[in-house]
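K.L.:
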Amino acid sequence: MIAKLNPELALDASVVAFTKALQHAGFTGDIETSYGSRLAVATDNSVYQALPQAVLLPRSTDDLVIMTSLAQTSSFSHLKFSPRGGGTGTNGQALTEHIVVDLSRHMRQILELNVEERWVRVQAGVIKDQLNAFLKPYGFFFAPDLSTSNRATIGGMINTDASGQGSLVYGKTSDHVLALKTVLIDGNVLNTRKMPLFEAEHRAEQPNSIGRIYRQVLDSCRNKRALILDKFPRLNRFLTGYDLEHVFNADLTEFDLSRIITGSEGSLGFVTEAKLNITPIAKYKCLVNIKYDSFESALRNSPFLVAAAATSVETVDSKVLNLARSDIVWHQVKDLITDVPGKEMQGLNIVEYNTESEQEIHDKISALTARLDEAIEQQQGGIIGYQLTYDAAAINAIYTMRKKAVGLLGNTAGNHKPVAFAEDTAVPPENLADFILEFRALLDAHGLHYGMFGHVDAGVLHVRPALDLYDPEQERLLRTISDQVVALTAKYGGLMWGEHGKGYRSEYGPAFFGEELFTELRKIKAAFDPRNRVNPGKICTPYQSADALVSVDGQKRAWFDRQIPVAVRESFDSSLNCNGNGLCFNYEESSPMCPSSKITKDRRHSPKGRAGLMREWLRLQQQAGEDILQTEQRLLSEGQSISSIWQKIKNTLAKRQGEADFSHEVMEAMEGCLACKACAGQCPIKVDVPSFRARFLQLYHSRYLRPAKDYVVANIERTAPLLAKAPKLVNFFLGQRWLQKGLEHGVGYVDTPLLSVPTLAQRLEGRYSFSFDKLNTLTAEERQRTVLLVQDPFTSFYEAELVADALQLLEKLGYRPLLLPFLPNGKPEHVKGFLKQFAATAATAAAFFNQLNQYQLPLLGLDASLVLVYRDEYVKALGTERGDFQVLLLQEWLVQQSLPKVAQAQQFSLLAHCTEKTALPASEKHWQQIFAQMGLELKPVSVGCCGMAGTYGHEKQQLENSKALFELSWRAPVTQLGNEQILVTGFSCRSQVKRLVGDKPRHPLQALLRALV
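Take a look at the structure:
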């Protein structure tokens, strides 16, 4: 039995008092003080960890004013705060042991758009890709690009002065900020914009904090102008800190205080709104993928490409390319980056051209390809080949791969993981190749492995050396390398933090700026935040303050993880390996990635959040003396004793009476998971929440009783065949309101699906029946046409017409289908954490399928969520005893067959199951190929999760989220296209459409069957 956990990390009494006072003061946002909520924001994409005292999630600027004004009262004047956006920083910029102010959950409104003047006004929590999706119909976009664009907030971009691909042409975030609204720590609201110098001087006369800020910035930036121009490097990237140079224009007639705030890493105040300029979307685009025999060749060729007037040049090395090949993203780009026969591709330059005229792009591409053809023919520059595309979808796919590169580097086996700490060096582009050679020599001297990619047109390199931070010696090496890289970048006229901010690297600021300029930074900090209360320790401390800066030696996640036994870490590696890249925060409604994160906007309910909770839970269990692996083995091999059941009853009663246990917080997050496994497919680190969730559920219920609904769900594969013996009677009772209410209130189960009438057996009337005798008497010719259909509980008992149609379709295609007897698959047991029962179910099914395997006949299944269990969970549960049998989905098999043309061409739209799309990325294409071969047209529709996910949508506690998920991306295409047009692959999805729209859509195979009739 697991231990009860009470982390000894009580909240400061003044923080508790502050949160209560906030509520009484009219704060309308969320206030979270639970250990789990605080833990969810204790990490980012860096190696550091800092547990805050509370998390505040404001809804408006007014909430920030209420918060900061209250914080000025004597009781709370010692409290400190750190703003937070997307939480994807690589250097701990938003980490704090104080109070986190998270603007990402609620402040996501796009407030105003002026197309004529080309600007947009947004709240700080708006996500970069969200903004561009809004702007696209108007022909504009917000230009600064970055790899985390589908979860990075505008506020975060402003605070790090973010930039990325295409920055030579489009610039940095600061180049696009027209005005900012910032709440200061004293409660004043500071509105900043570019203005004539005399207006700034007039504002400096105000007798308040705003006047003080204007006076200090005017004084520092004007009086130290010559030193600033001499000291600041001539780079495309800003050095993050306070942009002393660009506050003034060249002739000192204009003043823009926003430039000080942009890049300040939240150390000056809380940016709540921004007015941004927007850029017209170029009409013509072309992407050229140039292949090289070495990474060095790619680097040394980049200046030529920049000179050839490219919009952007991105470089990746072979390590990153090879990692991409093993990821879900590769199927979208493999035809765009093909191997060169007889050559080894060790480097790639991704070169983009954007123009307003077709002739201009034609001329540029013609000139470039002529040079490339000549170089290939004469074997110059290491160029071995190239491919180009004008297709917008293909260009987007390439950049999706490139953006995923950061996360992919983290997906390496073993304890040595690529670590972000020197990953954004910037030097003048003409120095980049020599700098990288010396950088590689530095890393090689320490015997480290690494992958490299970057924005070579801007001289920015991304490299993450692989370190084992569980080893204290390797942690000390991080410090050594950091010092060496700082010196190396200075040698080549650059800086260590060229793109991702300083954060815990702030300690290097004084040496870089020099004492005189760094003192000016401190004076500016003091003008904004005299008592060091806003993101303390980052960038600089206030002038004359004795407070220290944060350091690269700060406490790291690995310090906590070291306390987990090695065997446990290795067993739960899926949760331990999460590096916080945050791809699971993807805002896109049509993306299948983590629906619970999308609908709740709660970081606990994301793969990153759940992985973090699991890691801490494992650490605390170890601290309490619990051997988790031993407990698991006991649960898998032994039954329950009367004493253990009695203890569970007592523990559950104590829980209902409010007894605290951190396990309850973990359980809350795990229950919100839909077990769709999108994370396992889409996360670059392959964090597989459903797998460690099932293990946690089993362990949790070794201490606490299970709810009745868990038994209902887990046993559905055993009860459905029994209920199907009297389906009309069962359906009659299920239709009674009193029973529905009883199931809702007594079991927590709603909208119970009705059994199929007629049943499958009644529909088939003995046809397609299976027996081993039939298999043994098949002739060689009959074997060639025989296929075996594997049953699943949902289609066989709740959608029998689909199984019958599948058999009829196979028969019409000239095959001899046989329906295998129904055997439980075990997925419902696994989802609810009945792992002992699941192992037994899996062993029984595997034995049967392996017996069939000797006949070498195709085994076909209809529902992806069930079929994929044979490939994943069976392997984990049974190991080598799983055997070699293979169950294919119908489309995986059909796409390999010769199919007849139908008489009449038709068009359909495909809405695919999210588990299917992420685990089998070629699935939609397979259906398209099948339909095309038969003379039909099938167009995939981009949708996320429908909200049903097996039985998730039938659970009372998840009902509202289930319906809300359907509204996000499903209702619109379903209602616009209609049931005759849409085809839906998932049983859950079809059931959800029927429940919320009224009619059940068809499966693709049913459209094929109808077309053949």
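Numbering (the working numbering), first residue to last: 496 to 1508. Ideal Cβ placement from N, Cα and C applies to all residues, glycine included.
Quick check on DSSP: helix, strand or coil for Arg600?
P.N.:
Arg600 falls in the coil class under three-state DSSP.
K.L.:
Is the beta carbon of Ala1106 closer than 9 Å to that of Asn1333?
P.N.:
For the record, residue 1333 in the displayed sequence is Phe; it is not Asn. No, they are not a contact pair.
K.L.:
Since Thr1147 and Tyr1195 are thought to touch, with beta carbons under 8 Å apart, how far apart are those beta carbons, to the nearest angstrom?
P.N.:
In fact, because the Cβ distance is near 11 Å, the residues do not count as touching under 8 Å.
K.L.:
Measure the alpha-carbon distance for Leu983 versus Arg971 and round it to whole angstroms.
P.N.:
Whole-angstrom Cα-Cα distance: 19 Å.
K.L.:
Just grab the DSSP bridge partners of Lys786 for me.
P.N.:
Looking at the DSSP assignment, Lys786 forms a beta bridge with Leu843 and Gly880.
K.L.:
Should His957 go down as buried or exposed, given a rule of 16 or more other Cβ atoms within 10 Å for buried?
P.N.:
Answer is buried; the Cβ neighbour count reaches 16.
K.L.:
Just to confirm before moving on: does the CB-CB distance between Ser1158 and Ile497 stay below 9 Å?
P.N.:
Yes, these two residues count as a Cβ contact at 9 Å.
K.L.:
Looking at the strands, I want to know which residues DSSP matches up with Gln618.
P.N.:
Paired residues: Glu768.
K.L.:
Starting from Pro728, trace the alpha helix (DSSP H) both ways and give me its first and last residue.
P.N.:
Run containing Pro728: none; DSSP gives neither H nor E here.
K.L.:
Look at the Cβ atom of Asp751, then the Cβ atom of Arg688, and state whether they are nearer than 9 Å.
P.N.:
In this structure, Arg688 lies closer than 9 Å to Asp751 by Cβ.
K.L.:
Suppose you measure from the CA of Val1469 to the CA of Lys1096; what does that come to, to the nearest Å?
P.N.:
If I take the Cα positions, the gap works out to 25 Å.
K.L.:
Considering only C-alpha positions, which residue in the set Lys1220, Arg1280 and Arg1278 is nearest to Gln1257?
P.N.:
Minimum Cα distance to Gln1257 is reached at Lys1220.
K.L.:
Tell me which residues share the same chain as Arg616 and place their Cβ nearer than 6 Å to its Cβ, disregarding the 5 neighbours each side in the sequence.
P.N.:
Answer for Arg616: Leu606, Glu607 and Lys770, listed in chain order.
K.L.:
Name the one or two DSSP bridge partners that Gly949 has.
P.N.:
The partner list for Gly949 (beta bridge, DSSP) reads Thr810 and Leu956.
K.L.:
Would you kindly work out how many angstroms separate the C-alpha atoms of Ala474 and Arg1311, rounded to a whole number?
P.N.:
The structure shown does not extend to residue 474, since the chain spans only 496 to 1508, so no value can be given for it.
K.L.:
Are three or more beta carbon pairs between the region 1011-1028 and the region 701-717 nearer than 8 Å?
P.N.:
Touching, per the Cβ criterion.
K.L.:
From the DSSP output, read off the bridge partner residues of Gln1402.
P.N.:
Its beta-bridge partners are Glu1432.
K.L.:
Quick check on Asn1456: does DSSP put it in helix, strand or coil?
P.N.:
Three-state result, Asn1456: helix.
K.L.:
Exposed or buried, what is His1408 when buried is set at 16 or more other beta-carbons lying within 10 Å of its beta-carbon?
P.N.:
So His1408 ends up on the buried side.
K.L.:
Between Ala1164 and Leu1115, which are expected to be in contact by the criterion C-beta below 8 Å, what is the C-beta distance as a whole number of angstroms?
P.N.:
Not quite, the Cβ-Cβ distance comes to about 15 Å (not below 8 Å), so this is no contact.
K.L.:
Between Phe948 and Lys898, what straight-line distance do the alpha-carbon atoms span, to the nearest angstrom?
P.N.:
Cα to Cα, Phe948 sits roughly 10 Å from Lys898.
K.L.:
Between Pro1499 and Leu1389, what straight-line distance do the alpha-carbon atoms span, to the nearest angstrom?
P.N.:
Taking the straight line from one Cα to the other gives about 12 Å.
K.L.:
Considering Ser1040, what are the terminal residues of the alpha helix (DSSP H) in which it resides?
P.N.:
Element bounds for Ser1040: n/a, residue is neither H nor E.
K.L.:
What do you reckon, are the CB atoms on Gly1104 and Ala535 nearer than 9 Å?
P.N.:
It is a contact, given that the beta carbons lie within the stated cut-off.
K.L.:
Among the residues of its own chain, which have a CB less than 7 Å from the CB of Asp919, if the five just before and after it don't count?
P.N.:
Contacts found: Val955, His957, Trp992, Gly993, Glu994 and His995.
K.L.:
Could you check whether Leu1314 and Leu1354 sit closer than 9 Å to each other, using their CB atoms as the reference points?
P.N.:
Not in contact: Leu1354 and Leu1314 (Cβ atoms no closer than 9 Å).
K.L.:
Skipping 5 residues on each side, what residues in its chain have a beta carbon closer than 7 Å to that of Leu1169?
P.N.:
Result list for Leu1169: Pro1090, Ser1091, Cys1440, Ala1444 and Tyr1447, in chain order.
K.L.:
Note down the Cα distance separating Glu1432 from Ala1400, rounded to an integer number of angstroms.
P.N.:
Cα-Cα distance, rounded: 7 Å.
K.L.:
Straight-line CA distance for Glu1419 to Arg1017?
P.N.:
Whole-angstrom Cα-Cα distance: 57 Å.
K.L.:
Please return the same chain residues whose Cβ sits closer than 7 Å to the Cβ of Gly1430, not counting the five positions on each side in sequence.
P.N.:
Same-chain partners within the cutoff: Lys1396, Val1397 and Ala1400.
K.L.:
Output the boundary residues of the beta strand (DSSP E) element that contains Leu1361.
P.N.:
From DSSP, Leu1361 is part of no beta strand (DSSP E) but of the alpha helix (DSSP H) over Ala1359 to Arg1366.
K.L.:
Following the continuous alpha helix (DSSP H) through Ser704, name the residue where it begins and the one where it ends.
P.N.:
Run containing Ser704: Ser704 to Asn718, per the alpha helix (DSSP H) assignment.
K.L.:
Going by C-alpha distance, which of Lys778, Arg554 and Gly1309 is nearest Leu598?
P.N.:
Nearest of Lys778, Arg554 and Gly1309 to Leu598, Cα basis: Arg554.
K.L.:
Return the CA-CA distance between Gln1476 and His1449, expressed in angstroms with no decimal places.
P.N.:
Roughly 27 Å separates the two Cα atoms.
K.L.:
If distances are taken between C-alpha atoms only, which option among Asn910, Glu1011, Leu630 and Ile976 comes closest to Asp966?
P.N.:
Out of Asn910, Glu1011, Leu630 and Ile976, Asn910 has the C-alpha closest to the C-alpha of Asp966.
K.L.:
Would you check if the distance between the CB atom of Phe1292 and the CB atom of Ala1215 is smaller than 9 Å?
P.N.:
Going by C-beta atoms, Phe1292 is nearer than 9 Å to Ala1215.
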